[in-house]
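Asks: So that we are looking at the same thing, I have put the structure below in structure tokens.
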Amino acid sequence: MNKVSQPSDNHGQRPLQNEPIARPEERGRQEPTDVGDLAQTTRTPLEAIFKRPFHRIVITGVGLTAPNGNTLTEFRANLLAGKAAIQRIDMRYMGPVLAGICDFDATRYQSRKEIRNGTRAGSIAVYCAHEAVKDSQLDWDSVDKSRVGIYVGTTEHGNVETENEIFNISQFNYDTKYWTHHHNPRTVANNPAGEVSINLKITGPHYCIGAACAAGNAGLIQGFQMLQLNEVDVAIAGGVSESVRAFGIFAGFKSQGALAEHPDPNKASRPFDRDRNGIVVSEGGCLYILERLEDAQKRGAPILGEIVGYAINSDAFDTVLPYSERQRECVELALRKAKMQPGDIDIVNTHATSTPQGDTQECIALREVFADTDTCFNNTKSFIGHAMGAAGALELAGNLPSFDDNRVHPTINVENLDPECKLNNLVLNQAIDRPSIRTILNTSFGMLGINSVLIVKKFTP
Amino acid sequence: MTKEAIQSLILDIISDIAPDEDISNVNPNVPLREQLDLDSMDFLDIVMELRKKHGIEVPESDYPQLASLHSCAEYLQPKFQNTGR
Numbered sequence: 000m001n002k003v004s005q006p007s008d009n010h011g012q013r014p015l016q017n018e019p020i021a022r023p024e025e026r027g028r029q030e031p032t033d034v035g036d037l038a039q040t041t042r043t044p045l046e047a048i049f050k051r052p053f054h055r056i057v058i059t060g061v062g063l064t065a066p067n068g069n070t071l072t073e074f075r076a077n078l079l080a081g082k083a084a085i086q087r088i089d090m091r092y093m094g095p096v097l098a099g100i101c102d103f104d105a106t107r108y109q110s111r112k113e114i115r116n117g118t119r120a121g122s123i124a125v126y127c128a129h130e131a132v133k134d135s136q137l138d139w140d141s142v143d144k145s146r147v148g149i150y151v152g153t154t155e156h157g158n159v160e161t162e163n164e165i166f167n168i169s170q171f172n173y174d175t176k177y178w179t180h181h182h183n184p185r186t187v188a189n190n191p192a193g194e195v196s197i198n199l200k201i202t203g204p205h206y207c208i209g210a211a212c213a214a215g216n217a218g219l220i221q222g223f224q225m226l227q228l229n230e231v232d233v234a235i236a237g238g239v240s241e242s243v244r245a246f247g248i249f250a251g252f253k254s255q256g257a258l259a260e261h262p263d264p265n266k267a268s269r270p271f272d273r274d275r276n277g278i279v280v281s282e283g284g285c286l287y288i289l290e291r292l293e294d295a296q297k298r299g300a301p302i303l304g305e306i307v308g309y310a311i312n313s314d315a316f317d318t319v320l321p322y323s324e325r326q327r328e329c330v331e332l333a334l335r336k337a338k339m340q341p342g343d344i345d346i347v348n349t350h351a352t353s354t355p356q357g358d359t360q361e362c363i364a365l366r367e368v369f370a371d372t373d374t375c376f377n378n379t380k381s382f383i384g385h386a387m388g389a390a391g392a393l394e395l396a397g398n399l400p401s402f403d404d405n406r407v408h409p410t411i412n413v414e415n416l417d418p419e420c421k422l423n424n425l426v427l428n429q430a431i432d433r434p435s436i437r438t439i440l441n442t443s444f445g446m447l448g449i450n451s452v453l454i455v456k457k458f459t460p
Numbered sequence: 000m001t002k003e004a005i006q007s008l009i010l011d012i013i014s015d016i017a018p019d020e021d022i023s024n025v026n027p028n029v030p031l032r033e034q035l036d037l038d039s040m041d042f043l044d045i046v047m048e049l050r051k052k053h054g055i056e057v058p059e060s061d062y063p064q065l066a067s068l069h070s071c072a073e074y075l076q077p078k079f080q081n082t083g084r
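Chains as they are written, first to last, in numbering that gives the first Met the number 0: chain A, 0 to 460; chain X, 0 to 84.
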């Protein structure tokens, strides 16, 4: 198969075509893009930005649900033990497909009526928000709810609900008088964040950040920025996904030849493996409590890490093809904002989604930035598939405990490493121990060419 | 269809759309909203379920007729007769 014309990530996959798709370098991209020029064009504005009063922003709580864990403790244990959790489900119109499904108890924090009238993304977000608040040890009753902001990254929202209603009216000869009045509140783009607001009685700002599969990091970045601006005192930030309930997501990937298949569901998502053949779509969520350091310290909060760098940029190139040069620029920009060198990063949690071209392009970018470093690389999608809008946030969470246990969870399911995906210290199939882990860099890339990178550091006063 | 059967059918719908409610002791003569945690959106769901499951149309001007189980039965019985049940 011609790799150039083959589906790649950004989830995005082109249909296989007769004509090879032009690579970025064949499309007359704008020069210059090398490191020196990037530095030239961005150094001054960045320094200007950092002149203003600067708050340190810390993570004080995390709530999550993943196909292989409903708490960080459970999730982490399974990542260290190499336990994947993918299953075959029956998809409307399609039949069996592989997917990552969460089994958290939604009724823990929602009435059955809330669950029925709301959305799966809403239920995931409400669960994660409650768990994060609990984990943060905030005295929730005394928190000023008007100073709490909710920033939820989503890849997409509304597909599930719309598909359900079209199926519903199809049972009534497509008579739209059978279309539910719940449709609009379920499908507005702020739905999952809004369900958190209503459930937890939070009166500060709430909205979703639509950023394809870069959204989990984008949600965290939004929270970071709003704390910097003093718009809120507490940010509930991260990402969620309900995409496993939308046949269109699966059918779209399948039509593009980008839906993973393997006789053993738990081996289907296999980033960096020579025989990888696409994405496993999953649901999940991960929301964090972010606070300014001074506030966290004042209340004696547990501090799980400090966000020290981030970047979002755009490929400005293609709707679905990944673009390693912009990915590299995004990583470098985050490093510069963090005032760090590549060698300062202990773990890079890769975005790689198990598509032929996506993984290759990311590895090109990472090899360029992290050449001659001891940085370790791992991947979470090999365990849980691609949790879409939740991916970046979940994948960061799975690595945070490394600050305490100095272990690096592996990427699993690599039976034959693709030579194009070789990275120094790619942690394959078995967790490893390191003398000290102090920094994690998380990459997330999405369709339409959006890249997001987050750098989190072990907290030291 | 008997009025008792219609009341039972309405309770079935309520148990579906408001699954947290205890419907074992609903007084048929007291407005439903005084006994159960139902809002105007829930009544839209009741109307929709009557349409989908039983082919019964309730025009908006008649929504007040659905206030209690008793008034539901009084109002809906002729409609069920018209559908041939």
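Just so you know, even glycine gets a beta-carbon here, dropped at the ideal spot from N, CA and C. Values in this document were obtained by computation on a predicted structure and should not be read as measured data.
May I ask you to list, following chain order, the residues of the stretch 18-52 of chain X that have a beta carbon less than 9 Å from some beta carbon of chain A?
Replies: PRO18, ASP19, GLU20, ASP36, MET40, ASP41, LEU43, ASP44, MET47, ARG50 and LYS51
Asks: For GLY193 (chain A), which of A:ASN405, A:ARG366, A:GLU113 and A:ASN423 has the nearest alpha-carbon?
Replies: A:GLU113
Asks: Can you tell me whether DSSP reads ILE58 (chain A) as helix, strand or coil?
Replies: strand
Asks: Which of the three DSSP states, helix, strand or coil, is assigned to GLN86 (chain A)?
Replies: strand
Asks: Considering just the uninterrupted stretch of the beta strand (DSSP E) at PRO95 (chain A), what are its terminal residues?
Replies: 94-99
Asks: Quick check for students: name the residue ranges of the alpha helix (DSSP H) that lie wholly in the stretch 116-170 of chain A, counting only runs of 4 or more.
Replies: 119-135 and 158-169
Asks: Going by DSSP in three states, GLY209 (chain A) sits in which element: helix, strand or coil?
Replies: strand
Asks: Give a yes or no on whether the C-beta atoms belonging to CYS212 (chain A) and GLY445 (chain A) are separated by under 8 Å.
Replies: For CYS212 (chain A) and GLY445 (chain A), yes; Cβs fall inside 8 Å.
Asks: Measuring CB to CB, does PHE271 (chain A) end up less than 8 Å from LEU393 (chain A)?
Replies: no
Asks: Once the 5 residues before and after GLY397 (chain A) are set aside, which same chain residues still bring their CB inside 7 Å of it?
Replies: PHE74, ARG75, LEU78, THR379 and HIS408
Asks: Listing by chain order, which chain X residues have their CB less than 7 Å from the CB of THR179 (chain A)?
Replies: MET47
Asks: Under 6 Å Cβ to Cβ from GLY157 (chain A), same chain only, skipping five residues before and after it: list those, please.
Replies: THR186
Asks: For LEU303 (chain A) and VAL455 (chain A), what's the separation of their Cα atoms in angstroms?
Replies: 10 Å
Asks: How many angstroms separate the CA atom of GLN85 (chain X) from the CA atom of THR1 (chain X)?
Replies: Residue 85 (chain X) is absent from the structure shown; chain X starts at 0 and stops at 84.
Asks: Check the Cβ of LYS176 (chain A) against every Cβ in chain X and list those closer than 8 Å, keeping chain order.
Replies: ARG50
Asks: Please work out which residues of its chain come closer than 6 Å, Cβ to Cβ, to GLN227 (chain A), disregarding the five sequence neighbours upstream and downstream, and give them in chain order.
Replies: Excluding the 5 residues flanking it on each side, GLN227 (chain A) has same chain C-beta neighbours closer than 6 Å at HIS54, in chain order.
Asks: Compare the C-alpha of LYS338 (chain A) against each of A:ASP345, A:SER110, A:GLY308 and A:GLU328 and name the closest.
Replies: A:GLY308
Asks: Taking the alpha-carbon of LEU68 (chain X) as reference, which of X:ASP11, X:ILE22, X:SER60 and X:PRO27 has the nearest alpha-carbon?
Replies: X:PRO27
Asks: In angstroms, rounded to a whole number, what distance separates the CA positions of LEU71 (chain A) and GLY62 (chain A)?
Replies: For LEU71 (chain A) and GLY62 (chain A), the gap between their C-alpha atoms comes out near 7 Å.
Asks: Am I right that ILE288 (chain A) and GLY60 (chain A) are in contact with their C-beta atoms under 8 Å? What's the rounded C-beta distance?
Replies: 4 Å
Asks: Return helix, strand or coil for ARG511 (chain A), following the three-state DSSP convention.
Replies: Outside the modelled stretch of chain A, which goes from 0 to 460, sits residue 511 (chain A), for which no answer is possible.
Asks: So which residues of chain B does LYS112 (chain A) contact, with C-beta pairs closer than 9 Å?
Replies: Looking at the structure shown, chain B is missing, and the protein chains on hand are A and X.
Asks: Of all Cβ atoms in chain X, is any one closer than 8 Å to the Cβ of ARG107 (chain A)?
Replies: no
Asks: Are the beta-carbon atoms of THR374 (chain A) and ASP345 (chain A) separated by less than 8 Å?
Replies: Against a cut-off of 8 Å, the Cβ pair of ASP345 (chain A) and THR374 (chain A) comes out as a contact.
Asks: Shortest alpha-carbon distance to ILE311 (chain A) belongs to which of A:ASN216, A:PRO264 and A:GLY247?
Replies: A:ASN216
Asks: Whose C-beta lies closer than 6 Å to the C-beta of ARG273 (chain A) among residues of the same chain, with five residues either side of it excluded?
Replies: For ARG273 (chain A), the CB contacts under 6 Å within the same chain, skipping 5 residues up- and downstream, are ASN415 and ASP417 in chain order.
Asks: So which residues of chain X does ARG115 (chain A) contact, with C-beta pairs closer than 8 Å?
Replies: ILE16 and PRO18
Asks: Could you say which of A:GLY152, A:THR352, A:GLN86 and A:SER110 lies nearest to ALA120 (chain A) if we only look at CA atoms?
Replies: Looking at the Cα atoms, A:GLY152 is the closest of the given residues.
Asks: For ASN450 (chain A) versus GLY391 (chain A), is the C-beta distance shorter than 8 Å?
Replies: no
Asks: Measure the alpha-carbon distance for TYR150 (chain A) versus VAL233 (chain A) and round it to whole angstroms.
Replies: 11 Å
Asks: At which residues does the alpha helix (DSSP H) containing ASN190 (chain A) begin and terminate?
Replies: 190-199
Asks: Please state whether DSSP places LYS456 (chain A) in a helix, a strand or coil.
Replies: strand
Asks: Where DSSP assigns a beta bridge to CYS285 (chain A), which residues make up the other side?
Replies: A:LEU63 and A:GLY238
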